[in-house]
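First residue of the sequence shown? That's 5 in my numbering, and the numbers climb one at a time after it. To keep things clear, I will list the structure first and then write my remarks on it.
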Amino acid sequence: MKITYIHHSSFLVEGSDFYLLFDYFQGKLPKLSEQKTLYVFASHRHGDHFSKVIFELEKVHPNISYILSSDIKPKQVPAESLPRTTFLGKNMVDKIGDIVVETYHSTDEGVAFLVSAGGKNIYHAGDLNDWTWIGEPDDWNAKMRRVYRKIVDGLKDKKIDAAFLPLDGRQEGEFYQGMDYFLRTVADVKAVFPMHFWEDYTVIRQIKEMKESESYRSKIYDIAYEGQEFLIV
Ligand SMILES: [Zn+2]
């Protein structure tokens, strides 16, 4: 399975007969094979995760299906794209074409996706993260952490071949908490791709150098530029 880093939280996952494109709003996409079905996901409506540009893709790639979080409303979807669109709220399971999509609640807007495709399980967090911030009231941060951890606990027995997880340097000293808890809790994760780092690739090096990451740092892929490709087995 080939994974291409596109931009911010957007990745393209390529299997033998499908593509999964997550949270695309800008960036260069590789040329796609017309034979393969393109499944386009948007985890929530924010501009760094969803853009109407995704509906342009069907002009060059008609074999397409959209899976959108239900905080994106049908009126945001062109009429001609609606028949190819599935809206999913939290805690749903749906078979769409040849793939199965499960959704989880987010600590931000929308959902996180767990996708079963081509015999692999792919997790895309969207903005599900431990969004604790230095300077926020302690009780606000404590509630955030509690809610995040409860959702992640619901994933702990899943086998995940590739996980896309936020790692956001704007959180300063708290930046690693969401990824750290996820990887300590969900033991069977093979490959981890940081995202939502606002082009500050140094956060990847930072978490890997922390003593807290010792048990899982070897799973984290070093993304260095947009368009970079990774093969996972
Ligand atoms: Zn975001």
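In this text, a Cβ means the ideal position worked out from N, Cα and C, and glycines have one as well. All figures in this text were calculated on a predicted structure; none of them were measured in a lab.
Assuming contact is defined by CB atoms lying nearer than 8 Å, are Pro198 and Val190 in contact in what I supplied? Within the sequence shown, residue 198 is the residue found at index 194, counting from 1. Within the sequence shown, residue 190 is the residue found at index 186, counting from 1. It is not a contact, given that the beta carbons lie outside the stated cut-off.
Express the C-alpha separation of Met96 and Ala167 in angstroms, rounding to a whole number. Along the sequence shown, one-based indexing puts residue 167 at 163. Along the sequence shown, one-based indexing puts residue 96 at 92. The straight-line gap from Cα to Cα measures roughly 19 Å.
Determine the DSSP secondary structure at Leu24, reduced to helix, strand or coil. Here residue 24 corresponds to residue number 20 of the sequence shown, with the count starting at 1. Note: Leu24 maps to strand in three-state DSSP.
Please list the segments of the beta strand (DSSP E) lying wholly inside the segment 27-69, counting only runs of 3 or more residues, in order along the chain. 41-46
Please list, following the chain, all residues that have a C-beta closer than 7 Å to any non-hydrogen atom of ligand 1. Ser13, His50, Asp52, His53, Asp112, Asp131 and His200
Rounded straight-line distance, which links the Cα of Tyr220 to that of Ile121: For this step, residue 121 is matched to residue 117 along the sequence shown. For this step, residue 220 is matched to residue 216 along the sequence shown. Note that residue 121 corresponds to Ala in the displayed sequence, not to Ile. Using only the alpha carbons, I get a separation of about 24 Å.
For Thr89, which of helix, strand or coil comes out of DSSP? Here the question's residue 89 lines up with position 85 in the sequence shown. Here Thr89 sits in strand by DSSP.
The segment 86-100 touching the segment 21-29, judged by at least three CB pairs closer than 8 Å: no
By Cβ distance, which residues of its chain are closer than 6 Å to Ile211, with the 5 residues on each side in sequence left out? In the sequence shown, the residue the question calls residue 211 occupies position 207. Contacts found: Tyr180 and Ser217.
Could you pull the DSSP bridge partners for Leu171 from this structure? Numbered from its first residue, the sequence shown carries residue 171 at position 167. Partner(s): none; Leu171 has no beta bridge.
Could you give the distance in angstroms between the alpha-carbon of Ile236 and the alpha-carbon of Met5? Here residue 236 refers to the residue found at position 232 when the sequence shown is read from its first residue. Here residue 5 refers to the residue found at position 1 when the sequence shown is read from its first residue. Answer to the nearest angstrom: the Cα atoms are 5 Å apart.
Spatial distance of Ser37 from Asp134 (CA atoms): Numbered from its first residue, the sequence shown carries residue 37 at position 33. Numbered from its first residue, the sequence shown carries residue 134 at position 130. About 37 Å.
Three-pair Cβ contact test at 8 Å for the segment 64-76 versus the segment 136-153: no
To the nearest whole angstrom, what separates the beta carbons of Glu193 and Lys147, a pair I think is in contact under 8 Å? The count along the sequence shown starts at 1 and reaches residue 193 at position 189. The count along the sequence shown starts at 1 and reaches residue 147 at position 143. The sequence shown places Val at residue 193, rather than the Glu named in the question. No, Val193 and Lys147 are not in contact; Cβ-Cβ is about 26 Å, not under 8 Å.
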